[in-house]
Amino acid sequence: MDDKVKRTYPVGNVIQGVNYRGFTQPSGIRYIYFQYEVGEKLYVFIDYASAGVDTLKLDSKWNDRPIAVYNKSNNVKVAGEVTTSEIDIIVSPSSQSNGFVELIIG
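Using my numbering, you'd call the opening residue of the sequence shown number 1 and step up by one each time.
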């Protein structure tokens, strides 16, 4: 996610990072789903295999937190700007056969 932040580091600094990708059995229109918590923020990554409506169910501790759409495909829309126990994500049919969304909650 740091590619959009455009950080610059002085010469001589050592930077470390980890990148991974997982593969799971599709569930409904969802193909891949990751979420992880860092401090007071929840990071959510979802890949979609087809069009439809996906209801993201969150723990109640995330209620009333702002939803920031960090990145998404053009055919994905997040319904709402503040979390409740459920967030609807609409994936529209398009020339793409799939879609994705990256959310930061908190």
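Every residue gets a Cβ at the ideal spot worked out from N, C-alpha and C, and that includes glycine.
(Q) Tell me the rounded alpha-carbon separation between Met1 and Tyr48. (A) Taking the first residue of the sequence shown as position 1, residue 1 is located at position 1. Taking the first residue of the sequence shown as position 1, residue 48 is located at position 48. Note on Met1: pLDDT 44, under 50, position unreliable in the model; no value is reported.
(Q) At 3 residues or longer, what runs of the beta strand (DSSP E) sit wholly inside the region 30 to 67? (A) 30 to 38, 41 to 48 and 52 to 57
Q: Within the same chain, show all residues whose beta-carbon is closer than 6 Å to that of Phe45, passing over the 5 residues directly before and after it, in chain order.
A: The residue you call residue 45 lines up with position 45 of the sequence shown. Excluding positions up to five away in sequence, the list reads Phe34 and Glu102.
(Q) Any beta carbon from chain C within less than 8 Å of Val101's own beta carbon? (A) Chain labels in this structure do not include chain C; a single protein chain is all it has.
**Q.** Proximity winner among Gly99, Ile104 and Gly106, relative to Ala31 (alpha-carbon distances)
**A.** The count along the sequence shown starts at 1 and reaches residue 31 at position 31. Checking the displayed sequence, the identity of residue 31 turns out to be Tyr instead of Ala. With distances taken between Cα atoms, Tyr31 lies closest to Gly99.
Q) Count the other CB atoms within 10 Å of the CB of Ile87; is the residue buried (16 or more) or exposed (fewer)? A) Residue numbering aside, residue 87 sits at position 87 when the sequence shown is read from its first letter. Its Cβ being crowded by 16 or more others within 10 Å, Ile87 is buried.
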